[in-house]
Amino acid sequence: MLVGVVLLILDLFVAVHGQGFTANVTKLLNSLLSRSYDNRIRPDMGGPPTKVTCNMHIKSLGPIEENDETFFMDIYFRQSWYDRRLIFSFPGIDEFSMSWLFLEKIWKPDTYFINGKKSHLHGITSPNKFIRLRNDGLMTYSMRLTVASQCKMYLRKFPLDSQKCSLIIGSYGYVTDDLHYVWDESGVTIEKGVEMAQYDIVNVTTEAAKTTLRGIDVYSVIEVTFYMRRSIGYFMLQIYVPITLVVCSSWISFWITPSDSSGRTSLGVTTVLSITTLGFGGRSSLPKVSYATALDWYVIICFAFAFAVMIEYAIINFMDKIAEDIRRLLEEEAKKKSELEATANTNIDKSLEVDEELEEIDAESLEVHPKLRYNFLPHRWFSVPADLSSQSIRDDLPWTPVPPVTPSSRRSPVQTWNRHALAVILKLWKNFNFLPQGKEGLSEKGFSQIDIVARRAFPLAFAITMTTYTLLYAYYITDMSVDDM
Numbered sequence: 002m003l004v005g006v007v008l009l010i011l012d013l014f015v016a017v018h019g020q021g022f023t024a025n026v027t028k029l030l031n032s033l034l035s036r037s038y039d040n041r042i043r044p045d046m047g048g049p050p051t052k053v054t055c056n057m058h059i060k061s062l063g064p065i066e067e068n069d070e071t072f073f074m075d076i077y078f079r080q081s082w083y084d085r086r087l088i089f090s091f092p093g094i095d096e097f098s099m100s101w102l103f104l105e106k107i108w109k110p111d112t113y114f115i116n117g118k119k120s121h122l123h124g125i126t127s128p129n130k131f132i133r134l135r136n137d138g139l140m141t142y143s144m145r146l147t148v149a150s151q152c153k154m155y156l157r158k159f160p161l162d163s164q165k166c167s168l169i170i171g172s173y174g175y176v177t178d179d180l181h182y183v184w185d186e187s188g189v190t191i192e193k194g195v196e197m198a199q200y201d202i203v204n205v206t207t208e209a210a211k212t213t214l215r216g217i218d219v220y221s222v223i224e225v226t227f228y229m230r231r232s233i234g235y236f237m238l239q240i241y242v243p244i245t246l247v248v249c250s251s252w253i254s255f256w257i258t259p260s261d262s263s264g265r266t267s268l269g270v271t272t273v274l275s276i277t278t279l280g281f282g283g284r285s286s287l288p289k290v291s292y293a294t295a296l297d298w299y300v301i302i303c304f305a306f307a308f309a310v311m312i313e314y315a316i317i318n319f320m321d322k323i324a325e326d327i328r329r330l331l332e333e334e335a336k337k338k339s340e341l342e343a344t345a346n347t348n349i350d351k352s353l354e355v356d357e358e359l360e361e362i363d364a365e366s367l368e369v370h371p372k373l374r375y376n377f378l379p380h381r382w383f384s385v386p387a388d389l390s391s392q393s394i395r396d397d398l399p400w401t402p403v404p405p406v407t408p409s410s411r412r413s414p415v416q417t418w419n420r421h422a423l424a425v426i427l428k429l430w431k432n433f434n435f436l437p438q439g440k441e442g443l444s445e446k447g448f449s450q451i452d453i454v455a456r457r458a459f460p461l462a463f464a465i466t467m468t469t470y471t472l473l474y475a476y477y478i479t480d481m482s483v484d485d486m
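According to the working numbering, the stretch in the sequence shown is residues 2 to 486, in order.
See below:
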């Protein structure tokens, strides 16, 4: 019974003491916010500028939207400043933690994010902000924000690029003579384990004592810069590796016989369309820049190699047709030439027989009349009339040769030139071993010499091109100026 009475007395004492303590705190705060305190005027008005010390703890980063050139972050943002009008002395208490309602009654800096776009304060279940008041007048104002900041993207090396995104903080209305922003010792910290799917964070730097000019006024600002390198794993798996395999699969065409035109054509068209779909489909989320990115050049190179395979097959067909036409013309020419040679040999034999007969007749005629002569023309002859007693026999009649009539003399100059040109072209192609020449120009399985050369030339050229591409974008081509990567 006695113990119960003691406990009851203690409870009453604590309740009375608590009520008195709360009443004393309320009285203290009311005295601080008396009529002499004006929350419209900054501390030390008319004196040195008020120093606002800031720090930031990042809870999450991302996503980064290249199309809108925006990056997001979820942060705890804290500001501290001295307001000597709120210095107090209370036994046993050095600092008060108060709700956000107290903020409406005191002066606070008009801080904003200069390059922010869609920043907002978290308000569930209540506004996520509070303030602390220390006995020496130090005010600490903390809030949880989601900030969407503008970030200029340099995509010349995309997706092998690195980006630099900054967040600039300053006063909206107070110039440097009234407000001065600095970072505290901790500056900007990042929650352990924070990662982004798109980028790897390389470095985070802060910069204070900066100013910016708006109109004719100079404002104090602080800046935090995030250096990020894009993660290339997604693009390797979704674009680079598939497109490379598609290009390699287009080389199967070199092992398909040239006579299978449908197979080679369908394979070439399929590879070209696949490269177009895989390569340019990923650009829909990127800003429409006026220059070609590294991914664009890779797709263009692969597209060119796949298209070159189709051109190679077209060249083979064209050469086969030209070679066949030239071969047919030359065969016809050779056939006609052999026929003409056979005809000429027959005519020569007949002419020799006629000449022998004429020589015999001439010898007999000379025995009858010594001045009887015969003049011979090729393939015809005539005799002088027998009655020549009253006229002299002229034995100096001129002999006029008649050119033989051949098919070439009946051909037009244009036809002759065309045939000679085709013959020259065929000779040149044969010397360089490009045109198929029957069994000599084809392999044992009927492949063109061009296909056989392309089996080695295309992979070698592609490997050299890709090596050059990688070296250029890794060491020589830059898309931004990074000082402290």
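Cβ coordinates follow ideal geometry from the N, Cα and C atoms, glycine included.
6 Å Cβ shell around residue i - same chain, five flanking residues per side excluded
i: PRO38; result: Note on residue identity: the sequence assigns Tyr, not Pro, to residue 38. Only ARG86 meet the Cβ criterion.
i: PRO243; result: LEU279
i: CYS166; result: PHE72, CYS152, PHE227
i: PHE306; result: VAL248, PHE463
Nearest candidate by alpha-carbon position, reference residue i, set the options
i: PHE159; options: CYS303, TYR292, ILE323, ALA345; result: TYR292
i: ALA198; options: PHE459, LYS109, SER232; result: SER232
i: GLU67; options: GLY188, LEU287, VAL300, LYS322; result: LEU287
i: GLU224; options: GLY47, PHE255, MET57, TYR470; result: MET57
i: LYS119; options: GLU70, TYR476, ASP111; result: GLU70
i: TYR235; options: LEU296, ALA464, GLU208; result: LEU296
i: ILE34; options: THR54, LEU134, SER81; result: Position check: residue 34 holds Leu in this sequence, whereas Ile was assumed. Ranking the options by Cα distance to LEU34, first place goes to LEU134.
i: LYS193; options: LEU473, PHE103, SER61; result: SER61
i: ASP179; options: LEU330, ASN31, ASP45; result: ASP45
i: THR112; options: TYR173, THR277, LYS337; result: TYR173
i: THR277; options: TRP298, THR266, ARG265; result: TRP298
i: SER251; options: ILE453, ARG265, ASP261; result: ARG265
i: TYR83; options: GLY63, ILE107, ILE65; result: ILE107
i: SER304; options: VAL273, ARG329, LEU341, ILE478; result: Just to set this straight, residue 304 is Phe in the shown sequence, not Ser. If we check each option's Cα against that of PHE304, VAL273 comes out closest.
i: PHE448; options: ASP185, ASP321, GLY269; result: ASP321
i: ALA458; options: ALA209, PHE255, THR245, TYR241; result: PHE255
i: ALA315; options: SER262, GLY124, ALA324; result: SER262
i: ALA209; options: TRP184, ILE217, ARG215, TYR470; result: TRP184
Rounded Cβ spacing between residue i and residue j (contact assumed at less than 8 Å)
i: VAL148; j: ILE76; result: 6 Å
i: PHE131; j: MET154; result: About 36 Å separates the two Cβ atoms, so there is no contact after all.
i: TYR200; j: ARG157; result: Not confirmed; about 17 Å, so no contact.
i: ASN116; j: LEU168; result: 7 Å
i: THR177; j: VAL219; result: 5 Å
i: THR141; j: ARG79; result: 6 Å
i: VAL310; j: PHE281; result: With 8 Å as the limit, VAL310 and PHE281 do not qualify as a contact, their Cβ atoms being about 20 Å apart.
i: SER221; j: GLY188; result: That belief does not hold up - the Cβ atoms of SER221 and GLY188 are roughly 16 Å apart, past 8 Å.
i: HIS181; j: LYS52; result: 5 Å
i: LEU139; j: SER90; result: The Cβ separation is near 14 Å, so there is no contact.
i: PHE114; j: SER150; result: 6 Å
i: ILE302; j: TYR470; result: 7 Å
Coarse secondary structure for residue i, derived from DSSP in three states
i: ALA209; result: strand
i: CYS55; result: strand
i: GLY269; result: helix
i: PRO243; result: helix
i: TYR155; result: coil
i: ILE317; result: helix
i: THR27; result: helix
i: PRO64; result: strand
i: ILE107; result: coil
i: VAL148; result: strand
i: ASP179; result: coil
i: ARG43; result: coil
i: VAL290; result: coil
i: MET197; result: coil
i: GLU332; result: helix
i: ILE202; result: strand
i: ASP185; result: strand
i: PHE131; result: strand
i: PHE73; result: strand
Identity of the residues DSSP links to residue i by a beta bridge
i: TYR113; result: GLY171
i: GLU224; result: ILE169, GLU208
i: VAL219; result: LEU214
i: HIS123; result: Answer is none; HIS123 lacks a bridge partner.
i: GLN80; result: CYS55, TYR142
i: SER163; result: ARG230
7 Å Cβ shell around residue i - same chain, five flanking residues per side excluded
i: PRO128; result: TRP101, LEU122
i: ALA343; result: none
i: MET313; result: Sequence inspection shows Glu at residue 313; the Met mentioned does not correspond to that position. Taken in chain order, the residues that qualify are ILE451, ALA455.
i: LEU473; result: none
i: GLU340; result: none
i: SER393; result: Note that SER393 scores a pLDDT of 45, beneath 50, so its modelled location is shaky; the value from the coordinates is reported in the next line. Taken in chain order, the list of residues that qualify is empty.
i: ASN40; result: LYS106, ILE107, TRP108
Residues near residue i in its chain [Cβ-Cβ closer than 8 Å; skip 5 each side]
i: THR190; result: ASN56, MET57, HIS58, ILE59
i: GLU96; result: ARG133, LEU134, ARG135, ASN136
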